[in-house]
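Peer 1: In my numbering, the protein residues as written are 75 to 380.
In this text, a Cβ means the ideal position worked out from N, Cα and C, and glycines have one as well.
Can you keep this structure in mind? I'll have questions shortly.
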Amino acid sequence: MNIEQLEYVIEVAKRGNITKAAESLHVSHSGVSQAISNLEAELGIPIFIRSRSGTKCTEQGEKVLQLSYEIMNKVTELRELGKRAAEVQRSLSITGSPLFFSTFLPEALHTFRKKNPDIQIEIDANITDSIIEKVKNSEKDIGFILGSEETLKEITGFVHTQILYKINLMVTVSKHSPLAKMDVVTPKDMLKYPLVIRNERASRKTWNDIFANYGPGQILFYTNIDDVTKNVIANNLAIGFFTDLMKHDPLVTRGDICLIPYHDPIQMPTYYLICIQAKNKYTSILEKEFIKCTSDTLENYLVKNT
């Protein structure tokens, strides 16, 4: 067994085809095929099922693939330790839901940059589907999404996932709204008022479930721009959902917006803040350091002023 064989396993699984993997690796088709056959013979198990439609991992092959990633991550760490500082990864690309950028992520970025002033960081805010696609295709190093159990099941086949936090869904209303004095708000309470809805998968699913269970609502508009949503709510033009992460927002601390716990007696949604990374690339020391910094910042953010 050698490192080259593990690299071949990863690339074939990624491409779903030995020919495409060989082209990507700049080696011959026969070289890749023979290396994998030798590894299968050594381990005594089939790693791939080969057919005219492509190459797919067997159940045992999935375990080999996962271990190959883990081994190659360690190899990458060793290689990085052996490099001069100037040769180590000097850039980081991050994509995430606006929810992250409007709460704790800027603080995490600031803390990380203080420790790594020479690192070039590229960031963009996007919708969940685009974030997943960019990370899956290795266009971005790290992604941050809001997702459900269903989301986790859907994406674990092609990205690594790490749950950062289980959120508490909050109904967000103006201080002038009659709902502002309530201890808990239900779907029936919310459907009496115009609604502003985040235009992405998790939010749309939550509202579709509410409409299915309780009847249609008055939708003012859909948007992913948090500042627009907050200003509309602060001016008592609509109500909506945010998470408990919004508790440190200036509009909340000043009292212009009130956050009230949400309760649905029929179908209470559960959502998580999730960090994702592609399975077809190796996690660098720099990426691990940033994720640790983000997790620590989130923990401090949650307990601040409580």
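1) Is it true that the CB of Y288 sits closer than 8 Å to the CB of L265?
2) So, do the segment 323-343 and the segment 134-151 have three or more beta carbon pairs nearer to each other than 8 Å?
3) Counting Cβ pairs, one atom from each stretch, are 3 or more of them under 8 Å apart for the segment 285-299 and the segment 211-227?
4) Quick check on the DSSP output: what are the complete beta strand (DSSP E) runs of length 3 or more inside the segment 218-263, in order along the chain?
5) Could you check which residue in E207, L152, E181 and Q236 has the C-alpha nearest to that of I348?
6) Span of the alpha helix (DSSP H) holding Q79?
7) Looking only at its chain, what residues have a beta carbon closer than 7 Å to the beta carbon of K353, apart from the 5 residues adjacent to it on each side?
8) Return the first residue and the last residue of the beta strand (DSSP E) that D300 is part of.
9) Hey, F364 and F186 are a contact pair by Cβ (cut 8 Å); roughly how many whole angstroms apart?
10) DSSP three-state label for L294, please.
11) Please name the residue or residues paired with G289 in a DSSP beta bridge.
12) Tell me whether Y272 is buried or exposed, calling it buried when 16 or more other Cβ atoms sit within 10 Å of its Cβ.
13) Would DSSP call D283 helix, strand or coil?
14) One question on the structure: do L220 and T202 come within less than 8 Å of each other, judged by their Cβ atoms?
15) Between K304 and the rest of its own chain, which residues show a CB-CB distance below 6 Å, the 5 nearest in sequence each way excluded?
16) Can you name the start and end residues of the alpha helix (DSSP H) that L183 belongs to?
17) Under 8 Å, with one C-beta from each stretch per pair, do the segment 242-251 and the segment 371-379 reach the 3-pair mark?
18) For the structure I just gave you, are there three or more beta carbon pairs, one from the segment 78-93 and one from the segment 144-151, closer than 8 Å?
19) Given a threshold of 16 other Cβ atoms within 10 Å of its Cβ, counted over all protein chains shown, does G135 qualify as buried or as exposed?
20) Which first and last residues belong to the alpha helix (DSSP H) in which T173 is found?
21) Check whether the Cβ atoms of G329 and K255 lie closer than 8 Å to each other.
22) Please return the same chain residues whose Cβ sits closer than 8 Å to the Cβ of E78, not counting the five positions on each side in sequence.
23) Report yes if the CB atom of A199 is closer than 8 Å to the CB atom of Y267, and no otherwise.
24) Taking three-plus beta-carbon pairs below 8 Å as touching, is the segment 307-322 in contact with the segment 118-128?
25) Can you tell me whether S274 is buried or exposed, with buried defined as 16 or more other CB within 10 angstroms of its CB?
26) Figure out for me which residue from E114, I307, Y345 and K355 has the closest Cα to the Cα of L333.
27) Which residues mark the beginning and the end of the beta strand (DSSP E) in which P268 is found?
28) Pull up the distance between the alpha-carbon of I205 and that of L166, whole angstroms please.
Peer 2: Answer, in terms of the structure:
1) yes
2) no
3) no
4) 233-240 and 243-248
5) Q236
6) I77 to R89
7) Y143, F232, V233 and H234
8) D300 -> not in any beta strand (DSSP E); alpha helix (DSSP H) instead, spanning D300 to A308.
9) 5 Å
10) strand
11) The partner list for G289 (beta bridge, DSSP) is empty, contrary to what the question assumes.
12) It should be pointed out that residue 272 corresponds to Arg in this sequence rather than to Tyr. R272 is buried by the Cβ-count criterion.
13) helix
14) yes
15) L325
16) L179 to K189
17) no
18) yes
19) buried
20) A quick correction: the sequence has Leu, not Thr, at residue 173. Its alpha helix (DSSP H) spans residues P172 to F175.
21) no
22) A109
23) no
24) no
25) For the sequence presented, residue 274 should be read as Glu rather than Ser. The residue in question, E274, is buried, as its Cβ has 16 or more Cβ neighbours within 10 Å.
26) I307
27) P268 to R272
28) 15 Å
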